[in-house]
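Written below as structure tokens is the structure these notes are about.
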Amino acid sequence: MKNRGKRFTPPAPRREKAVRQGYRRDPEFCGFLAKELEMEVPPESFSKAMRRVYAELPRDMPVRHYPFRSAMKSLATVAVLLVVFGVSLLGANSVYPQLTESLPGVGMLFKAMNGAKPEENPDTPELPVPLVAEGKLAMPEFEPVTLSCQGDILEELTVENAWSDGEKLYLHMSLLALESQLQTLSQPSDMPYGYIPPVLFFLTDAYRDVAAEIFQEYYPGEEFDDKAAGYQWSSISINGQKVESVMETRDPAYLQYAETNSALALHYEETEDRVLAKEGVQAFARYTGNWVLEVPQGARDADVFSVSLNLPQLFYAGVIAPEMREGGEPMAILEDAFQGDFTVEADRSGALELEALQADNKVEITQMSYTPAELTATLNVPFLGYCGYSLLPPARYHGGPVPQKPYGMYAVVSGEDGTVLASQNIWDDSATQRAAYEADRLSGYQRMKLRVNLSPEKRQSLVLTLYYFDPEEVKFAMDSAGIPAGDLVNPVAAEFTLDLAEGTAAPSVNYEKQGLVKPDAEMSPYILHHPELQEGIYVQGVTEDILFADQRVSWISLCVRPDRLPWVQDWALQCYIGDELVQTVSACDVQDDSAYNERSGALEDLAVYNSGSGLFWREESGQSNYEDDNYAHLHFIVEYPEWDLDSYGGVISSFSRMDLVDAATGQVILEDLRGINRTLLEETLCGSLYKELEEGNSAGADESEGAASDYN
Amino acid sequence: MSERMVKKAQNGDKDAFLTLMRENELSMYRTAKAILHREDDVEDAVQEAVCRAFYKIGDLRQPRYFKTWITRVVINCCYDLLRDQRGIVSLELLPETGYEEDRDAALDVRESLAALGENDRLILTLYYLNDLSVRDVAKLLGISEGAVKQRLVHGRRRFKEAYEMREQERRAVSYEK
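If you read the protein sequences in the order shown, they are chains A and B. Residue numbers for the first sequence follow my numbering, beginning at 12 and rising by one. Residue numbers for the second sequence follow my numbering, beginning at 2 and rising by one.
This is the structure we're talking about:
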């Protein structure tokens with residue numbers, strides 16, 4: 012069998028029983044039925060009506076949505092569960108490793124990864140200072156090596172670039188696979204969710220236990236027998252000596268997963284030129300990964316490394332939890348993968364320690380070193396405010412920013428032409444770090460370490476930019492409001508241009524060309540990072556048509572200042588289709604613990620109030636500005652009426668309007684929450700808010716006390 | 002209907018979309034007729050379904066489910082229309098034409114079938130006339146497969162009884178003549 016998805020232990024398929032005689036579909040009865048129901052042939056008037064509607068259809072048809080965008084749009088995909096499981100799975104690992112490790116299936120991979128992650132120890136000596144060599148910009152050329160595969164799914168694996176400083180070997184890999192075949196493998200046929208790309212990885216024999224545990228997660232109770240399962244482990248050798256370990260590189264979330272010690276993983280990429288499902292054209296999924304291998308001791312003196320890749324099987328793991336699947340295979344092996352040899356010239360003169368480091372906007376670089384394959388830096392970042400100050404939906408439920416994650420922790424490394432080469436969330440959530448930071452957040456610094464892998468190549472310069480937040484974390488808020496992600500204005504904390512020829516790093520303003528702003532570090536903690544509240548309410552999130560606990564729902568999150576709304580007696584959400592009120596979700600008395608009449612398994616067993624047509628619960632908010640105002644989050648989950656559901660395509664008619672009302676008096680508190688939400692997000696994420704603030708800051712730059720009080 | 006055609010329509014090929022619609026005109030008509038009775042309403046509902054399908058076909062994730070998907074769209078359009086007409090009583094429950102001598106017998110059959118209820122009529126139509134599987138019918142209507150089978154058996158028996166009753170009456174009439 013060539014390259015077919017192969018499951019570990021195929022269950023015996025169950026056949027439908029023969030149709031019973033009682034409802035046999037015989038032509039005689041069908042004819043009789045059609046005649047009696049007057050359905051044999053439609054009348055001429057019907058044919059005319061059809062011709063009329065065909066003629067009135069617009070000339071151009073809307074084109075099918077991009078599958079991955081659809082998946083994101085609806086988070087649809089699994090609202091809460093897949094927020095954890097799918098989209099934020101990888102990123103979440105860096106923040107909540109215990110959570111990702113506990114996930115079914117892929118949790119074991121994370122466990123292996125995290126278990127192998129070196130502890131951050133502030134006492135650890137800095138890396139040895141690399142040589143500053145004359146030929147620091149020179150590096151050996153590497154011709155890409157393509158290994159082809161004669162299979163149905165996998166197409167080719169390319170070593171795009173390779174570089175070694177003699178101790179580590181950096182490989183930049185890309186894999187092409189047939190998208191449609193992967194979809195067939197990864198998406199159960201009946202799942203209404205969007206396409207969630209599977210995780211692809213190679214396993215090495217050092218991680219046999221990991222494979223066994225993954226197997227147990229997916230096939231509980233079945234015996235794991237790797238020989239019977241037909242595992243063929245991957246191996247890599249350098250100058251005939253086996254590579255013992257894969258170095259972890261701590262790249263951005265997506266790449267971080269690639270660098271697990273458990274596996275040589277590859278990551279799904281969306282590319283502009285990817286052609287999906289076009290007639291006659293095969294669509295390829297592109298996966299990439301940066302692998303960092305440790306050169307075996309016995310080979311380190313060599314000038315040329317002869318690398319041998321033996322990757323007989325590519326492992327595939329879906330990201331849908333087994334209990335959520337209705338079919339399809341959660342895990343499989345793609346056989347007949349890749350084998351090939353190539354050489355890499357050792358380059359021991361390519362390392363550079365940058366000097367003359369300058370600060371930008373109170374952000375200081377205390378150390379920075381560069382090789383063609385890696386950039387490391389230590390940064391002191393001042394307190395600029397917390398992500399919660401923006402009032403964007405919190406990560407816990409909506410994939411938004413972690414409320415108490417400080418601004419300025421998202422680092423992007425770009426090339427001379429602005430191409431993003433790597434990015435990394437450098438937020439350190441260790442208890443020690445947090446405690447020190449909390450104690451003196453205004454005058455103190457957060458010490459951040461950055462280490463990203465780059466595709467090895469010659470460069471004259473690099474740009475390092477720190478942004479306020481990770482765009483992936485707010486993407487969901489934008490998607491759900493229908494705001495194009497391209498309109499995101501992510502404020503800049505600091506920007507540096509690294510002159511690799513001179514070995515220096517200095518502040519720069521490339522971000523201005525993109526229309527971005529850099530709020531003043533002194534002012535940032537004191538200013539509002541969200542528009543003014545309407546009636547004491549910020550409509551945080553309106554997420555429509557998502558699947559939640561097997562129900563099609565819309566989810567509305569409000570951030571409210573209850574002290575500004577003392578007159579409201581009974582909060583309720585009213586939903587309309589057209590002009591017809593079709594659903595009302597009532598809140599309960601939040602002061603009365605017994606009012607919460609249900610626990611939601613989909614919300615980690617949270618106590619909620621079920622009013623029959625949806626859920627309500629209230630939570631206390633994290634900080635939303637420096638004054639620590641007391642905000643509360645009100646959540647409404649409203650179910651779509653049964654008659655509005657499409658068994659396969661979801662909701663037929665979304666709610667046309669959702670209003671917040673006081674059910675006791677019938678008074679409308681806020682009308683059209685969706686419209687308000689979009690306006691607020693546009694102001695927050697599309698520039699106008701920060702541009703106004705920037706103008707305000709520059710006007711009052713010398714009067715920080717006065718400006719601060721103005722904004723509050 | 003081929004999945005290829007559905008994919009073409011999803012990629013913006015209007016001709017492919019129209020082909021799909023024409024291929025499914027009869028089944029759309031029958032589905033709507035099972036719910037709505039009035040020809041005008043049937044036309045309105047199916048026209049609306051075509052329009053919705055035109056804009057929503059891109060959302061269909063599995064082309065092979067096109068037939069059940071379009072059926073669901075039609076059903077939803079019918080229910081929308083019924084909601085809009087709430088309170089308006091249909092005057093066209095009786096057949097517009099028919100041989101006078103068969104009228105009484107036809108009424109008996111119709112009365113018998115009317116007792117089936119709208120859902121049973123819809124189930125019979127979807128299964129026997131539109132060739133959907135028991136499983137698809139169950140999913141479409143949000144009921145169990147067992148319930149579909151039970152209703153199919155029940156509905157078929159009712160039809161059979163009505164048919165036999167009418168045949169007996171016909172024979173009796175011709176004997177009297």
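Using N, Cα and C, we set each Cβ at its ideal position, and we do this for glycine too. Here the structure is a predicted model, which is why all the values come from computation and not from measurement.
Min CB distance residue i to chain B below 8 Å
i: V64 of chain A; result: yes
i: I557 of chain A; result: no
i: M50 of chain A; result: yes
i: P404 of chain A; result: no
i: F57 of chain A; result: yes
i: Y34 of chain A; result: yes
i: W654 of chain A; result: yes
i: A560 of chain A; result: no
i: P133 of chain A; result: For P133 of chain A, the pLDDT reaches just 36, beneath the cut-off of 50, and the residue's location in the model is therefore unreliable, although a value from the coordinates is still provided. False, the Cβ-Cβ gap to chain B never drops below 8 Å.
i: F40 of chain A; result: yes
i: P54 of chain A; result: yes
i: A90 of chain A; result: In this predicted model, A90 of chain A has a pLDDT of only 35, less than 50, meaning its place in the structure is not dependable enough to derive any value.
i: P323 of chain A; result: no
Short CB-CB distance (under 8 Å) between residue i and chain A
i: E170 of chain B; result: no
i: V75 of chain B; result: no
i: K68 of chain B; result: no
i: V51 of chain B; result: yes
i: A46 of chain B; result: no
i: P96 of chain B; result: At P96 of chain B the pLDDT is 29, less than 50, meaning the model places this residue with poor confidence and gives no usable figure here.
i: E40 of chain B; result: yes
i: G13 of chain B; result: yes
i: A181 of chain B; result: Nothing in the structure corresponds to residue 181 of chain B, since chain B is present only between 2 and 178.
i: M22 of chain B; result: yes
i: E4 of chain B; result: no
Between the CA atoms of residue j and residue i - distance to the nearest angstrom
i: D498 of chain A; j: A517 of chain A; result: 28 Å
i: L180 of chain A; j: E427 of chain A; result: 25 Å
i: H541 of chain A; j: S425 of chain A; result: 29 Å
i: N233 of chain A; j: A223 of chain A; result: A quick correction: the sequence has Glu, not Asn, at residue 233 of chain A. Each residue's Cα considered, the two are about 11 Å apart.
i: R629 of chain A; j: Y642 of chain A; result: 11 Å
i: A313 of chain A; j: T169 of chain A; result: 24 Å
i: P53 of chain A; j: Y30 of chain B; result: 7 Å
i: Q70 of chain A; j: S401 of chain A; result: Position check: residue 70 of chain A holds Arg in this sequence, whereas Gln was assumed. If you take the alpha carbons of R70 of chain A and S401 of chain A, they lie about 43 Å apart.
i: E49 of chain B; j: G612 of chain A; result: 39 Å
i: R63 of chain A; j: K15 of chain B; result: 15 Å
i: L141 of chain B; j: Q435 of chain A; result: 46 Å
i: A384 of chain A; j: I376 of chain A; result: 20 Å
i: P151 of chain A; j: D237 of chain A; result: 41 Å
i: V156 of chain A; j: P412 of chain A; result: 40 Å
i: P577 of chain A; j: S519 of chain A; result: 49 Å
i: L123 of chain B; j: T32 of chain B; result: 7 Å
i: E146 of chain B; j: R39 of chain B; result: 29 Å
i: L125 of chain B; j: Y56 of chain B; result: 29 Å
i: Y164 of chain B; j: K8 of chain B; result: 43 Å
Residue closest to residue i, alpha-carbon to alpha-carbon, out of the options
i: L182 of chain A; options: A:I249, A:R689, A:E152, A:G300; result: A:G300
i: K7 of chain A; options: B:V149, B:R23, B:L153, B:R122; result: Since the displayed chain A opens at 12 and closes at 723, residue 7 of chain A lies outside it and no answer follows.
i: M669 of chain A; options: A:S568, A:E533, A:V601; result: A:S568
i: K253 of chain A; options: A:Q580, A:A310, A:Y418, A:Q324; result: A:A310
i: V593 of chain A; options: A:W566, A:D347, A:Y537, A:Y651; result: A:Y651
i: R572 of chain A; options: A:C586, A:I687, A:Y549, A:F559; result: A:Y549
i: L684 of chain A; options: A:V672, A:T676, A:Y298, A:S319; result: A:V672
i: L320 of chain A; options: A:T354, A:F326, A:Y327, A:A343; result: A:T354
i: V303 of chain A; options: A:M459, A:L214, A:L465; result: A:L465
i: I164 of chain A; options: A:S605, A:L325, A:L527; result: A:L325
i: S624 of chain A; options: A:G514, A:G399, A:V318, A:S597; result: A:S597
i: S248 of chain A; options: A:L214, A:F316, A:G547, A:Q192; result: A:F316
8 Å Cβ cutoff, residue i in contact with chain D
i: T126 of chain B; result: In the structure shown, chain D does not exist; the protein chains are A and B.
Checklist entry - Residue ranges of each alpha helix (DSSP H) run of no fewer than 4 residues wholly in the stretch 345-430 of chain A, ordered along the chain? => result Here the runs fully enclosed are 406-409.
Checklist entry - In chain order, what residues of the stretch 154-169 of chain B put their CB closer than 7 Å to some CB of chain A? => result Residues passing the 7 Å Cβ filter: V154, R157, F160, Y164.
Checklist entry - Can you list, in chain order, the stretches of the beta strand (DSSP E) that have 3 or more residues and sit fully within the stretch 432-517 of chain A? => result With a minimum length of 3 residues, the continuous beta strand (DSSP E) runs that stay inside the stretch 432-517 of chain A are 456-464, 472-478, 503-510.
Next on the checklist: What ranges does the alpha helix (DSSP H) occupy inside the stretch 535-566 of chain A, keeping only unbroken runs of at least 4 residues that lie completely in it?
Outcome noted: Whole alpha helix (DSSP H) segments, 4+ residues: zero.
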